[in-house]
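In this note's numbering, the protein residues as written are 645 to 823. Ideal Cβ positions, reconstructed from N, Cα and C, are used throughout, including at glycine.
What follows is the structure, encoded as structure tokens:
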């Protein structure tokens, strides 16, 4: 996933030489074979464009609403656990929402070994009230990591509150007395 995100920064650097090459090929062959340039462009740019469009979420995901709910229902001593894909979003919006001084735990992720998630959630045991915030939840291949997390969290503590927004959610758990 990180490699895919880094690729976006390389695209502008790669697209200019590619565009130049396509233009030169078109200019050299336009009089003899006018469809060659557009066909080459379609062959080179079509697959990555379709792949990108397939990855774009159809619905908007708004973590701000979930964060505002947590902020408005916050009590002294509460903590926040962030689903791994929500960490960057939280860190971006927290200063704008007055939440940059609230203690949070950045979740660790592993698409290949879900026990990493379960072990990561185990650290919440005994922390008292913990808000668990989800955004950009992985759901490919019929998997639903939010449902899996909630299954584990319901075994770990008592669900006290919840907020379900557009593509983001927050759940308050009592995980036992804090030390």
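query = So, are the CB atoms of residue 809 and residue 771 less than 9 Å apart?
reply = no
inquiry  = I need the straight-line Cα distance from residue 764 to residue 750, nearest angstrom please.
reply    = 10 Å
inquiry  = Report the start-end ranges of each alpha helix (DSSP H) in the segment 705-785 that is 4 residues or longer and not cut off at the edges.
reply    = 707-716, 731-737, 759-766
query = What separation, rounded to the nearest whole angstrom, lies between the Cα atoms of residue 737 and residue 681?
reply = 44 Å
inquiry  = One question on the structure: do residue 722 and residue 777 come within less than 9 Å of each other, judged by their Cβ atoms?
reply    = no
query = Can you name the start and end residues of the beta strand (DSSP E) that residue 824 belongs to?
reply = Since the first and last residues shown for the chain are 645 and 823, residue 824 lies out of range.
query = Are there 16 or more other CB atoms within 10 angstroms of the CB of residue 728, so buried, or fewer, so exposed?
reply = buried
message = Quick check on DSSP: helix, strand or coil for residue 684?
response = helix
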